[in-house]
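The sequence shown runs contiguously to residue 236 in the UniProt record's numbering.
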Amino acid sequence: MALYPQLSIIIPVAPGDTTWRELLPDLQPVLQEGGEVLLVSPEPPPDRAANTQAVKWIVSASGRAQQMNAGAGHSSRQWLWFLHADSRLDPTTLPALHSIIAGEHEPRLWYFRLEFLADGSALMPITAFGAWLRSRYGGMPFGDQGFLLPRSLFQQVGGYDETAPYGEDHLLAWAVRQHGFSLGWSGGTIRTSARKYRQQGWLRTSTRHGLLTIRQAVPQYLKWRSTQRNSKRSLP
Numbered sequence: 001m002a003l004y005p006q007l008s009i010i011i012p013v014a015p016g017d018t019t020w021r022e023l024l025p026d027l028q029p030v031l032q033e034g035g036e037v038l039l040v041s042p043e044p045p046p047d048r049a050a051n052t053q054a055v056k057w058i059v060s061a062s063g064r065a066q067q068m069n070a071g072a073g074h075s076s077r078q079w080l081w082f083l084h085a086d087s088r089l090d091p092t093t094l095p096a097l098h099s100i101i102a103g104e105h106e107p108r109l110w111y112f113r114l115e116f117l118a119d120g121s122a123l124m125p126i127t128a129f130g131a132w133l134r135s136r137y138g139g140m141p142f143g144d145q146g147f148l149l150p151r152s153l154f155q156q157v158g159g160y161d162e163t164a165p166y167g168e169d170h171l172l173a174w175a176v177r178q179h180g181f182s183l184g185w186s187g188g189t190i191r192t193s194a195r196k197y198r199q200q201g202w203l204r205t206s207t208r209h210g211l212l213t214i215r216q217a218v219p220q221y222l223k224w225r226s227t228q229r230n231s232k233r234s235l236p
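In structure tokens form, the structure reads like this:
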């Protein structure tokens, strides 16, 4: 059974970013079996490599949320997989992806375990472990963990919040939960660049991310708890 013709891989590309070129070879097994890649940027395509039969370059408004929503809007496929341009696949990534698409599951948002490339601080294993705890036990995966979900669920929760100043991926995960759906670990791993930790400092970057996450998560958690209580009251 051909599974990847059901899949669109949506990759937002920042102005001047070329890291997507290193990701495309990892995605070749998916492309060879009918999957498509949608590169979404506020800039025109840099060359023909960005526009082929399986790889399409889409020009949209600037902003990660706007770009990912535009990519979803250009796709008519059943599954949407949102990847960061600086992500890289692990040997476990595609088997996990295949298993989810082939399986019969309740609609949910799937994410991958996060590991970092060797381009950052020696302390990155601590960050990776924290991301695992945050996503697996705190229900707060981030977009660099490769969100995979059915198109119907993405549309039902309203897509990415284009008004959010940051954390649109974090908010999407909360929206899924607030609509009564689950999050799930795919069973696979994705690796991502850690260069910003090297450039900005591990402690400074980790502290900033932590504070911003807490600021955004608290009202979302309270909203989720409210929906839980209202759901219980509506039961016969």
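Beta carbons are placed, not taken as given, at the ideal position from N, Cα and C, and that holds for glycine.
Being a predicted model, the structure only gives us computed values, none of them experimental.
Do you know offhand how far Ala118's Cα is from Ile126's?
14 Å
So, do the stretch 90-103 and the stretch 185-205 have three or more beta carbon pairs nearer to each other than 8 Å?
yes
Element boundaries [alpha helix (DSSP H), containing Phe154]
151-156
Boundaries of the beta strand (DSSP E) in which Val59 is found, first to last residue
55-59
Rounded to the nearest angstrom, what separates Ser62 and Val13 at their Cα positions?
10 Å
Less than 8 Å separating the beta-carbons of Ser87 and Asp47?
no
Whole-Å CB distance - Pro44 paired with Pro15, under 8 Å assumed:
Actually they do not touch by this definition, with Cβ atoms about 11 Å apart.
Could you name the residues that DSSP lists as bridge partners for Thr192?
Ser87, Phe116
Considering only the beta carbon of each residue, do Ala164 and Pro141 sit closer than 8 Å?
no
Element boundaries [alpha helix (DSSP H), containing Ser135]
124-136
Rounded distance between the beta-carbons of Arg177 and Leu183, thought under 8 Å
7 Å
For Leu109, tell me which candidate among Tyr4, Leu149, Glu162, Leu94 has the shortest Cα-Cα distance.
Leu149
Grab the span of the alpha helix (DSSP H) containing Glu33 for me, first residue to last.
No alpha helix (DSSP H) contains Glu33, which DSSP labels as neither H nor E.
Of the residues Met124, Gln53, Gln220, Asn69, which one's Cα is nearest the Cα of Leu203?
Met124
I need the straight-line Cα distance from His74 to Phe147, nearest angstrom please.
17 Å
Measure the alpha-carbon distance for Phe82 versus Ile10 and round it to whole angstroms.
5 Å
Gly187 in three-state terms, based on DSSP
strand
For the candidate residues Asn51, Leu3, Pro5, Leu212, whose alpha-carbon lies nearest to that of Leu24?
Asn51
Hey, could you find the ends of the beta strand (DSSP E) Leu7 is sitting in?
7-12
List the whole-angstrom C-beta distance separating Phe154 from Leu39, where the pair is believed to meet the contact cut-off of C-beta under 8 Å.
The Cβ separation is near 18 Å, so there is no contact.
Any idea which residues DSSP pairs Ser41 with across the strands?
Val59
Per DSSP, the bridge partner or partners of Trp79
Leu7, Pro150
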